[in-house]
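S.K.:
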Amino acid sequence: MSKLDVRIVKLEPMTVACTYGFGKEPEGIASSKMTTWAKAKGFYDDPEHHPTFGFNNPDPSPGSPNYGYEIWMKVDADTTPEGDVTIKQFAGGTYAVTRFTGLSRIGEVWKQLVAWREASPYQCGHHQWLEHLRNWTAKDLEQFVFDLYLPIEA
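When you line the sequence shown up against the numbering used here, it's residues 292 to 445, in that order.
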């Protein structure tokens with residue numbers, strides 16, 4: 292196990308646009324919905340103002356290949372829902388965050404980040420765990436760069 296570079300980040304409350312997928316590969320379903328909607332609005336032209344986050348919802352269950360995945364994109368408070376896109380309020384929170392490259396490593400890095408938290412002075416937070424894909428246009432899954440956000444409390 293390699294040593295993680297972990298930083299503490301406070302996400303402020305934000306309005307988020309949400310899309311959802313369910314099945315064997317729900318990330319693609321949710322991503323396709325978000326991409327179609329966000330490109331039409333020009334939101335992908337400004338990724339710093341409109342970061343995206345994702346998470347399993349619900350988590351995979353033993354004996355079933357199906358699970359859910361939800362994607363959030365930060366939007367302005369006056370953004371209105373359309374079609375498969377809903378609008379939610381995220382309360383924010385404090386996170387332990389680490390960055391890594393390669394989709395195949397995501398499970399391994401989540402485990403390392405949880406182990407880091409268990410050895411730290413921080414308690415487990417109760418807000419949403421998040422995955423932030425930093426280079427969503429990459430074609431090779433092993434070139435994806437992620438920030439994982441583990442909720443913590445002091």
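C-beta atoms are modelled at their ideal positions from N, C-alpha and C, and glycine is treated no differently.
1) Tell me the residue span of the beta strand (DSSP E) that contains residue 317.
2) If we ignore side chains and look at the alpha-carbon of each, how far apart do residue 410 and residue 431 end up?
3) What is the DSSP secondary structure of residue 430, reduced to helix, strand or coil?
4) Given a threshold of 16 other Cβ atoms within 10 Å of its Cβ, counted over all protein chains shown, does residue 321 qualify as buried or as exposed?
5) So, helix, strand or coil for residue 413, using DSSP?
6) With distances taken between CB atoms, is the gap from residue 407 to residue 297 smaller than 8 Å?
7) Who are the near neighbours of residue 429 in its chain, counting only those whose CB is closer than 7 Å to its CB and skipping five residues on each side?
8) If you measure between the beta carbons of residue 365 and residue 305, is that distance less than 8 Å?
9) Buried or exposed: residue 403, going by 16 or more other Cβ atoms within 10 Å of its Cβ?
10) Roughly how many angstroms separate the alpha carbons of residue 425 and residue 390, rounded to a whole number?
11) Which partner residues does residue 363 have in the DSSP bridge list?
M.R.: Reading from the atomic positions:
1) From DSSP, residue 317 is part of no beta strand (DSSP E) but of the alpha helix (DSSP H) over 317 to 332.
2) In this structure, the straight-line span from the alpha carbon of residue 410 to that of residue 431 is close to 34 Å.
3) DSSP places residue 430 in coil when its eight states are reduced to three.
4) Looking at its Cβ environment, which holds 16 or more other Cβ atoms inside 10 Å, residue 321 is buried.
5) Here residue 413 sits in coil by DSSP.
6) Inclusion of residue 407 and residue 297 in the CB contact set at 8 Å is warranted, their separation being smaller than that value.
7) These residues qualify, in order along the chain: 435.
8) Judged by beta-carbon spacing, residue 305 lies within the 8 Å limit of residue 365, meaning their Cβ atoms are closer than that value.
9) Around the beta-carbon of residue 403, 16 or more other beta-carbon atoms lie within 10 Å, marking it buried.
10) Looking at the backbone, the Cα of residue 425 and that of residue 390 are separated by about 9 Å.
11) Assignment of beta-bridge partners to residue 363 by DSSP yields 309, 344.
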